[in-house]
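Here is the structure we will look at.
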Amino acid sequence: MHRTHSPRGLFDPYYVPEQILFRDREMDTIQRLYRDSYEDEYGVNCLVHGIAGVGRTVFSRYFLTKIVPREFDAHTVYVDAKYKDVLEIVSELADKIRSVTNQPITVAFDLDVLWMQFKRAATHAPKRTVFVIDNIDEANEDIYLKLARLSKEINASTIGVLNSHDYRLLTRAPQMQMSCDFEVPLDTYTQSQLYAIVRQRVEDTFPLGLPEDVVRYITDLVCEFDASRPKTSIEALKALWPMASSGQEIDSDTVRAATSRITSAFLDQDYFETVQTVGLNNFTTLLVLEALTEHLIHYKNETYVDRRLLEDLVEVKCEELGVRSMTREEIENSIQSLIFQSIVFESGYSKDLLYVIAPPEVLCDAARSMRRELARRK
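First residue of the sequence shown: 8, per our numbering; consecutive thereafter.
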């Protein structure tokens, strides 16, 4: 895939990739319904909704900028309503419809006058129009309702984009139920889907790419702690951009720092106390944790420890300390204990890959101190 040297894919909030992944079913639905309305000359209103960060804006803009011009030969108008008052939204609607229809622009500062100007321009547009109002909430829902009703009169179509909470509130109103023809809910992504999306953004954006394990590590952390949302992955990539673009190596410490916002609630815990609880009279679990974290300390470019490798590391550790070798079952029980306490995590790509979110130095110190404490007690 061609890689650009521009970070637009990270820093442009309206960035639209050449291909939108894992939304074929939803895109087919909206495309089919809008094609029917276009061919039979009637207006259709749709609400696209999902949790924050799941790609609602990308979905709606992809439909508006890629699908509509190719399939319907219609005018397209996009307005982001976030942080805008009603006057600003109507003014932007009026300016954009006049711009795409080449109608003369008149200046007005009165809401009713502006709406009438917009309505006149939209009604006399030489082509059908598809309007997208992004970030609808309780402060601007009335404007979308007016637009949805108007679309029925002039055979235009609309897409309202909003989060799931506002969607539930908005669709309780009888007038919205009458105006809205269908909905397109956008679910969160699976781990493998999110990985492909992050990989796509890396290839579109980073001049030298990123190591495969780094992309997987970011995605594992997002899926584990933040509901599989692409936006959180992009925030992590933004933090890595300055280093990657200057040729610096991205290691596990860098990734942990870049994703600390989503893992902060877990990082706030007292790991010495947690390890003490896990390792109380459990020498083997402490030894497994020590072996795992020592490896991650020594090899900063590695983000995971494979279960088979961990068995070898524990074997070496036992020889080093002059204690009996641990069985595979004992090691696995220790791993499960560490996973249960959210000290160690399994990758969503393979249960054989283990990772940590806390700095391995902290976990290693805690395990080593507790192990020595147990040895002294004996």
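Glycine residues also receive a C-beta, built at the ideal position from the N, C-alpha and C atoms.
- Beta-bridge partners assigned by DSSP to GLU318: none are found.
- Beta-bridge partners of THR136 (DSSP): HIS82.
- The region 116-136 and the region 54-74 do not touch, with fewer than three beta-carbon pairs separated by less than 8 Å.
- The region 215-225 makes no contact with the region 83-90: fewer than 3 CB pairs, one atom from each, lie closer than 8 Å.
- In the DSSP annotation of this structure, the continuous segment of the alpha helix (DSSP H) that includes GLY16 starts and ends at 15-18.
- By the neighbour-count criterion, in which a residue is buried when 16 or more other Cβ atoms sit within 10 angstroms of its Cβ, PHE213 is buried.
- By the 16-neighbour rule on beta-carbons within 10 angstroms, GLU231 is buried.
- Put simply, the region 260-273 does not touch the region 331-345. Fewer than three CB pairs are less than 8 Å apart.
- Listed in chain order, the non-local C-beta contacts of ASP277 below 8 Å within the same chain number zero, local neighbours out to five positions each way being set aside.
- Rounded to the nearest whole angstrom, the C-alpha separation of GLN348 and SER354 is 16 Å.
- Judged by DSSP in its simplified three-state form, VAL363 adopts coil rather than helix or strand.
- Here PRO192 carries a strand assignment [DSSP, helix/strand/coil].
- Between VAL51 and SER186, the C-beta gap is not smaller than 7 Å, which leaves the two residues out of contact.
- Taking 4 residues as the shortest admissible run, the region 21-93 contains the following complete alpha helix (DSSP H) segments, listed from N- to C-terminal end: 31-47, 63-69, 75-78.
- DSSP, read as helix, strand or coil, puts VAL97 in helix.
- By the C-beta density criterion, SER235 is buried, having at least 16 other C-beta atoms within 10 angstroms.
- In this chain, the alpha helix (DSSP H) harbouring ASN340 covers 335-347.
- For the set ALA146, ARG30, ASP233, LEU345, the Cα lying nearest the Cα of ALA272 is the one of ASP233.
- Going by DSSP, LEU201 is part of the alpha helix (DSSP H) stretching over 198-212.
- Taking C-beta atoms as the reference points, ALA365 and LEU293 fail to come closer than 7 Å.
- As DSSP reads the structure, GLY167 sits in a beta bridge with LEU54, ILE140.
- Looking only at TYR362, ASP31, THR72, the smallest Cα-Cα distance to LEU296 is reached by TYR362.
- Leaving aside the five residues that flank GLU368 on each side, the residues in its chain whose CB is nearer than 8 Å to its CB run, in chain order, THR300, ILE304.
- Its chain contains VAL84, VAL86, PHE125 as the residues whose beta carbon lies nearer than 7 Å to that of LEU100, once the 5 sequence neighbours on both sides are disregarded; these appear in chain order.
- Look at ASP313 here: in three-state DSSP terms it is strand.
- Counting only residues of its own chain and dropping the five nearest sequence neighbours on each side, LEU28 has a CB closer than 6 Å to the CB of ALA203, ILE204.
- For ARG15, same chain residues with a beta-carbon under 8 Å away, outside a window of 5 residues either side, are TYR22, THR212 in chain order.
- Distances from the alpha-carbon of ALA59 to those of GLN200, VAL114, TYR311, TYR196 put TYR196 closest.
- For GLU301, the enclosing alpha helix (DSSP H) covers residues 290-305.
- In this structure, DSSP gives PHE352 an extended state, which the three-state scheme calls strand.
- Selection GLY57, ARG315, ASP102, THR72 evaluated against GLU190 yields GLY57 as nearest (Cα-Cα).
- Here ASP258 is not near ASN340, since their CB atoms are 7 Å or more apart.
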